[in-house]
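K.L.:
If you count by mature numbering (1 follows the signal peptide of the UniProt record, and there is no 0), then the sequence shown holds residues -27 to -1, 1 to 438, one letter each, in order. Don't be surprised by glycine CBs; every beta carbon is placed ideally from N, CA and C. Quick caveat, the model's predicted, so the values are computed rather than measured.
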Amino acid sequence: MISRKNRLVFACSLLFTLGLPLLIAVAQQPAPPMPPTEQPAAVPPSPGDSLVPTRPAFLMNVAVNRADPRYSHGERLAVRFKAETDCHVYLLYHQADGSTVMLFPNKAQPDTAVKANVEVSIPKAGDDFRFRIAAPYGKEAMQVIASKKRIELLDKLDASAGRAVAVSQATQDELAKLIKASADQFAEHRVVLQTQAAGGALPASRPPLRAGLFVGVNKLKATKHGDEAPQARGSAELMHKSMTTLGGVAPEHARVLTDTGATTASFEEAMTKWLPSITQPGDTVFLFYCGHGGPEPTDDPAEIDGMDEVITTYDKFVVDDQLGRWLQELPGRQIVMLMETCHGGGLVDARSLTGSIHDVARRVHDISQLNTIVVTACLPDEFSSFSKDLPAAFMPIYFDEAMRTLPRPVSVQAAFQHYRRKLRATIGADQEPVLLDNILLPVPLVLAGAAAKPAPQNTAPQPQR
């Protein structure tokens, strides 16, 4: 308590690399045992959960004046936020005792209108007040709610009398209904704080850890975007094995979603609840996705053709702004996203997809300063191919080979170059992988000191066309 959206393109086999080692078997190598399916207990909800739009209209960002948002009594708290488009913004502070106040607009800053990519600070320069931490203490959240239009519910609150105005639960419930009914008109972001009394024990420091989420969408309720692909499950399972044997990810920090468990809700919970709960700034998070991509109708005027590019889950799909918003729950981490779209027939028309993966990574980097590496398996005007006789796609096969055979440590960048050379030798110049690096420093897939393991003989048949 204180006293453009650009189209998401999943062209080709996509490898969204925000920092992760993979180990994928090749050709006739038997698949590893299925990783445990038991999942840890659900993470407790965070303040403001009901105000999160399912498909945000654009990206927002809110940040506080320290990377690790833990505060003790009396410490100063400052907030800043920005949006990637012109909009109207409201800043809510959810406090440990369950109450909520609105900090923006306020008497000193009464206008809700915010220009694209212009950062707003509270308190702003020259203000004669400061926010300092006071009781009650516990889990709190700073949450920005943005809309393409003014939000009448919040405009009715009198923000002119003081620096903060109470927001009742009834008002929040009404706002939640409004957001749910018109999610494509809203955007949201929050930072969760932990406050404590003065002199309270600080959490023990620990070395950086690595965590991984492996999603293989091998089953589909509907086959609109392609047929079921057993390679997706095999790829996720093998990637899990790679990370937990060579990649430095402890089994308790790895989760696999496949079959009917690879739902949109499970994907979102893992990205926005589980990963943030087990990691902290300075850690490395690896995301592997294997499944289909395709177009879905949208009313968003930013999409000239009226279509969103999506990646599928077992029961639904995920659009680019959703994925971008989920990534914002991991500030201060190095993120290696390995995202690969495949097709049961062996060939993917990736030409409408690749650029969008890069675009969403760029947007998240620009708005939230996230450290990401993105690798896609082909250029936007190319197709990706794979062999239906292999248990996994070419990208994980050759990344696995790099992890096993290259001198330690093996970086994402070095593994990419190995993959690029091997892919060209396998299928020729028809498919050109691309790496987009927003970190600009080597990110290890295999840590120094990890024992090298011989790669199995690659007797991969010719790719299906």
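What does a CB cutoff of less than 8 angstroms around A170 pick up in its chain, not counting 5 residues either side in sequence?
P.N.:
Walking along the sequence shown from the start, residue 170 turns up at place 197. Taken in chain order, the residues that qualify are S45, H46, A108, Y110.
K.L.:
Run through the DSSP bridge pairs and tell me what Q116 is partnered with.
P.N.:
Position 143 of the sequence shown holds residue 116. DSSP, once it has assigned bridges, lists L65, R163 as partnering Q116.
K.L.:
Quick one: using the 10 Å Cβ neighbour count with 16 as the cut-off for buried, is V258 buried or exposed?
P.N.:
Position 285 of the sequence shown holds residue 258. With 16 or more other Cβ atoms within 10 Å, it is buried.
K.L.:
Which full runs of the beta strand (DSSP E) of 3+ residues lie inside the stretch 366 to 415, going along the chain?
P.N.:
Those beta strand (DSSP E) runs which fall completely within the stretch 366 to 415 and span 3+ residues are 407 to 410.
K.L.:
Considering only their Cβ atoms, is the gap separating D59 from K88 smaller than 8 angstroms?
P.N.:
Here the question's residue 88 lines up with position 115 in the sequence shown. Here the question's residue 59 lines up with position 86 in the sequence shown. Taking 8 angstroms as the Cβ cut-off, K88 and D59 qualify as a contacting pair.
K.L.:
Does the beta-carbon of V(-2) have 16 or more other beta-carbons within 10 angstroms, so that it is buried, or is it exposed?
P.N.:
Along the sequence shown, read from residue 1 onward, the residue named residue -2 stands at position 26. Confidence at V(-2) is low in this model, with a pLDDT of 40, below 50, so the placement of that residue should be treated as unreliable; the coordinate-derived value is given next. When all chains shown are included, V(-2) counts as buried.
K.L.:
Mind checking whether F77 and E57 have CB atoms under 8 angstroms apart?
P.N.:
Reading the sequence shown from its first residue, position 104 is the one you call residue 77. Reading the sequence shown from its first residue, position 84 is the one you call residue 57. No.
K.L.:
Among all the DSSP beta bridges, which residues are the ones paired with F259?
P.N.:
Residue 259 sits at position 286 when you count from the first residue of the sequence shown. F259 pairs with G185, V309.
K.L.:
Please confirm whether F187 and A209 have their CB atoms less than 8 angstroms apart.
P.N.:
Translated into the one-based positions of the sequence shown, residue 187 becomes position 214. Translated into the one-based positions of the sequence shown, residue 209 becomes position 236. Contact: yes.
K.L.:
Quick one: Cα of K361 to Cα of T73, how far?
P.N.:
Here residue 361 is taken as the residue at index 388 of the sequence shown, counted from 1. Here residue 73 is taken as the residue at index 100 of the sequence shown, counted from 1. Rounded to the nearest angstrom, the two C-alpha atoms are 54 angstroms apart.
K.L.:
How is K153 classed by DSSP in three states: helix, strand or coil?
P.N.:
Numbered from its first residue, the sequence shown carries residue 153 at position 180. Reduced to three states, the DSSP call for K153 is helix.
K.L.:
Give the DSSP bridge partners of G21, in chain order.
P.N.:
Position 48 of the sequence shown, counted from the start, is the residue given in the question as residue 21. The partner list for G21 (beta bridge, DSSP) is empty, contrary to what the question assumes.
K.L.:
I believe A195 touches H213 by the beta-carbon criterion, under 8 angstroms. Please report the beta-carbon distance rounded to the nearest angstrom.
P.N.:
Walking along the sequence shown from the start, residue 195 turns up at place 222. Walking along the sequence shown from the start, residue 213 turns up at place 240. Not really, about 26 angstroms apart at Cβ, beyond 8 angstroms.
K.L.:
Three or more C-beta pairs under 8 angstroms: does that hold for the stretch 24 to 44 against the stretch 297 to 306?
P.N.:
They touch, by the three-pair rule.
K.L.:
Please report the distance separating the alpha-carbon of V165 from that of R183.
P.N.:
Within the sequence shown, numbered from 1, the residue matching residue 165 stands at position 192. Within the sequence shown, numbered from 1, the residue matching residue 183 stands at position 210. Looking at the two C-alpha atoms, the distance is approximately 21 angstroms.
K.L.:
For G319, name the three-state secondary structure that DSSP assigns.
P.N.:
Residue mapping note: residue 319 aligns to position 346 of the sequence shown, counting from 1. For G319, the predicted structure reports a pLDDT of 31, less than 50, and the residue's modelled location is therefore unreliable. A value from the coordinates is still provided. Residue state, collapsed to three classes: coil.
K.L.:
Counting Cβ pairs closer than 8 angstroms, one from the stretch 145 to 152 and one from the stretch 97 to 108, do we hit at least three?
P.N.:
Too few Cβ pairs lie closer than 8 angstroms, so no.
K.L.:
Report the three-state DSSP secondary structure of E302 (helix, strand or coil).
P.N.:
Indexing the sequence shown from 1 puts residue 302 at position 329. Correct three-state label for E302: coil.
K.L.:
Nearest-angstrom Cα distance between L127 and C351?
P.N.:
Along the sequence shown, read from residue 1 onward, the residue named residue 127 stands at position 154. Along the sequence shown, read from residue 1 onward, the residue named residue 351 stands at position 378. Spanning the two alpha carbons is a distance of roughly 46 angstroms.
K.L.:
Less than 7 angstroms between C-beta atoms, sequence neighbours within five positions excluded: which residues of the same chain meet that for T245?
P.N.:
Locating residue 245 in the sequence shown gives position 272, counting from the first residue. The residues are W299, E302.
K.L.:
In whole angstroms, what separates the C-alpha of L414 from that of G71?
P.N.:
The residue labelled residue 414 in the question sits at position 441 within the sequence shown. The residue labelled residue 71 in the question sits at position 98 within the sequence shown. If I take the Cα positions, the gap works out to 42 angstroms.
K.L.:
Exposed or buried, what is M206 when buried is set at 16 or more other beta-carbons lying within 10 Å of its beta-carbon?
P.N.:
Taking the first residue of the sequence shown as position 1, residue 206 is located at position 233. Residue identity check: residue 206 is Arg in the sequence provided, not Met. Buried, by the Cβ-count rule.
K.L.:
Note down the Cα distance separating T231 from G189, rounded to an integer number of angstroms.
P.N.:
The residue labelled residue 231 in the question sits at position 258 within the sequence shown. The residue labelled residue 189 in the question sits at position 216 within the sequence shown. Rounded to whole angstroms, T231 to G189 spans 5 angstroms at the Cα level.
K.L.:
Give me the residue from A40, D22, Q253, A366 with the minimum Cα distance to Q142.
P.N.:
Locating residue 142 in the sequence shown gives position 169, counting from the first residue. Out of A40, D22, Q253, A366, D22 has the C-alpha closest to the C-alpha of Q142.
K.L.:
Just to confirm the assignment: which complete alpha helix (DSSP H) runs, minimum length 4, are found wholly within the stretch 179 to 237?
P.N.:
Counting whole runs of 4 or more residues, the stretch 179 to 237 contains the alpha helix (DSSP H) stretches 203 to 218.
K.L.:
Please classify K192 as buried or exposed, where buried requires at least 16 other C-beta atoms within 10 Å of its C-beta.
P.N.:
Within the sequence shown, the letter at position 219 stands for residue 192. Classification for K192: buried.
K.L.:
Going by the DSSP bridge assignment, what does D281 pair with across the sheet?
P.N.:
For the purposes of this step, residue 281 is identified with residue 308 of the sequence shown, where counting begins at 1. DSSP output for D281 lists E269 as bridge partner(s).
K.L.:
For Y44, write down the residues that DSSP places opposite it in a beta bridge.
P.N.:
Mapped onto the sequence shown, residue 44 falls at position 71. Y44 pairs with T168.
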